[in-house]
Amino acid sequence: PPPKRDDRKRCWDARDAYFLCLDASNFLAPGSETGVTCKKERKTYDGSCAKSWVEYFDKRRVLEARQKAMLEAQE
């Protein structure tokens, strides 16, 4: 069955918290952080979202950063 509204919100909130932690620690690619950096946030993110969603959001984060860098380089 598809995720319910509360499940989606929980996933998005966990994703946002994890990505904020990565931003604060200057890590772009999810999973590239070392040691205990963002470990708690990653665990919550993995536990709150479907595996396919985690893979999609992780890839999208890197792709969006690359696109932004290319656009800035063209200006």
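Residues in the sequence shown are numbered consecutively from 1, following UniProt numbering. No residue lacks a Cβ here, since even glycine has one placed at the ideal position from N, Cα and C. Remember, it's a predicted structure, so these values are computed and weren't measured experimentally.
Between C38 and L22, the C-beta spacing is below 8 Å.
By the neighbour-count definition (other C-beta atoms within 10 Å, threshold 16), E33 is a buried residue. Taking the Cβ atoms as the reference, Y56 lies roughly 10 Å from R15, outside the contact range of under 8 Å. Taken atom to atom, the span from the alpha-carbon of W53 to that of A24 is near 23 Å. Comparing alpha-carbon positions, the option among R5, F19, D13 and D6 lying closest to R61 turns out to be F19.
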